[in-house]
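The letter at position 49 of the sequence shown is residue 49 when you use our numbering, and the numbering goes up by one with no holes.
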Amino acid sequence: MVSIKQTCWYNEVLTELNYKFGNVFIFGGFVISEINEGVCFSWENHGKLIVDDVIKVTKNESSDLIYISHKINSYSVDPWGWLGFFRSNFNLNGYGVIGYTSHSFVNTVIESLFFKHKINRFSNLETAINWAKEHNCKIKT
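This is the structure:
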């Protein structure tokens, strides 16, 4: 469970966004977030800010991106926030979660009750990044 910053993929990061609550790494066609320990992640306080900043940086609508949550820290997600996400007409080409504990996968099951598309679950960073790259290629062809 190491940060993107400590991996070979860090040199592929186009832009890094740093917040008090965590970091977001923008790659070509996908975004990976690493939220800090103990944060209660909500749409209103965190998600909307990330989406707005990613759209500004990439000049793409969120529907052109894949979002991956890299859960290297323990934090909670307000699942009701997904309702705000949908009301704002944001959409994603894919959503993935990299979890290293059974607790992170339980949270993913709860999130999936509010998220209308499939949440792809991964147990390691490499598999998630390869999925995002492959998924992007399929979308663009």
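Glycine is no exception: its CB is placed at the ideal position from the N, C-alpha and C atoms.
Leaving out five residues before and five after residue i in sequence, what residues of the same chain have Cβ atoms less than 6 Å from its Cβ?
i: Ile110; result: For Ile110, the pLDDT reaches just 49, beneath the cut-off of 50, and the residue's location in the model is therefore unreliable, although a value from the coordinates is still provided. Same-chain partners within the cutoff: Pro79.
i: Lys140; result: Residue confidence for Lys140 is low, a pLDDT of 49 falling below 50, so the modelled location carries little weight; the figure read from the coordinates is stated next. Excluding residues within five positions, none has a Cβ falling inside 6 Å.
i: Gly94; result: Ile66 and His135
i: Ser76; result: Cys40
i: Leu113; result: The predicted model places Leu113 with a pLDDT of 47, which falls under 50 and marks its position as unreliable; any figure quoted below should be read in that light. The answer is none, since no qualifying residue turns up.
i: Gly29; result: Asn136
i: His70; result: Ile32, Glu34 and Ile98
So, for residue i: in the same chain, excluding its five sequence neighbours on each side, which residues have a beta-carbon less than 7 Å away from its beta-carbon?
i: Asp53; result: Leu17
i: Val57; result: Thr15 and Ile26
Shortest alpha-carbon distance to residue i belongs to which of the options?
i: Lys133; options: Val2, Val57 and Phe27; result: Phe27
Among the residues of its own chain, which have a CB less than 8 Å from the CB of residue i, if the five just before and after it don't count?
i: Ser123; result: Ile98, Gly99 and Tyr100
State the beta-bridge partners of residue i as determined by DSSP.
i: Val97; result: Ser69 and Arg121
- prompt: Do the segment 23-30 and the segment 40-49 touch if we need at least three Cβ pairs shorter than 8 Å?
  reply: no
field: Within the segment 31-73, ranges of the beta strand (DSSP E) (whole runs, at least 3 residues)
entry: 66-71
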